[in-house]
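Peer 1: One structure, pasted below without further comment.
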Amino acid sequence: MSTLLRSILTPAALTRLAVGWVTFLAVLAAGPLLAPPVPTPLLIGALLVIIAVILLCAFGVVGEAEHLARRLGDPYGSLVLTLS
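Mind the numbering: the sequence shown is residues 2 to 85 in this note's numbering, read in order.
This is the structure in structure tokens:
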């Protein structure tokens with residue numbers, strides 16, 4: 002793997018990516034289990050896990066956008082941060 006690719010695909014970035022996809026596949030597989038009526042504790046637990054994964058992935062995107070913005074400088078860096 003090249004040095005540039007290693008700097009982009011850090012272990013933290015790969016972990017966030019894997020957590021996001023594994024959670025997505027788990028929700029797809031557990032879809033029939035979440036059909037109404039769902040017990041309240043199960044519903045709350047599922048929603049908390051989904052929200053936590055969304056936040057983890059969103060903050061990962063913002064972190065990567067900050068690195069890219071530093072490399073691009075103004076005005077493109079500000080545009081990248083705005084779009085992220």
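Don't be surprised by glycine CBs; every beta carbon is placed ideally from N, CA and C.
(1) Are the CB atoms of Cys58 and Arg7 within a distance shorter than 9 Å?
(2) Buried or exposed, going by whether 16 or more other CB atoms sit within 10 Å of the CB of Val54?
(3) Identify the continuous alpha helix (DSSP H) that holds Ala36 and give its terminal residues.
(4) Whose C-beta lies closer than 7 Å to the C-beta of Val20 among residues of the same chain, with five residues either side of it excluded?
(5) How close, in whole Å, do the beta carbons of Ala70 and Ser79 come, if the pair is a contact with beta carbons under 8 Å?
Peer 2: On the basis of the coordinates in this document:
(1) Cβ distance not < 9 Å, so Arg7 and Cys58 don't count as in contact.
(2) A residue is called buried when at least 16 other Cβ atoms come within 10 angstroms of its Cβ; Val54 meets this threshold and is buried.
(3) Taken as a continuous stretch (DSSP letters only), Ala36 belongs to no alpha helix (DSSP H), as it is neither H nor E.
(4) Taking C-beta separations shorter than 7 Å and ignoring five residues to either side along the sequence, the partners of Val20 in its chain run Val54, Leu57, following chain order.
(5) Contact between Ala70 and Ser79 holds: their C-beta atoms lie close to 7 Å from each other, under 8 Å.
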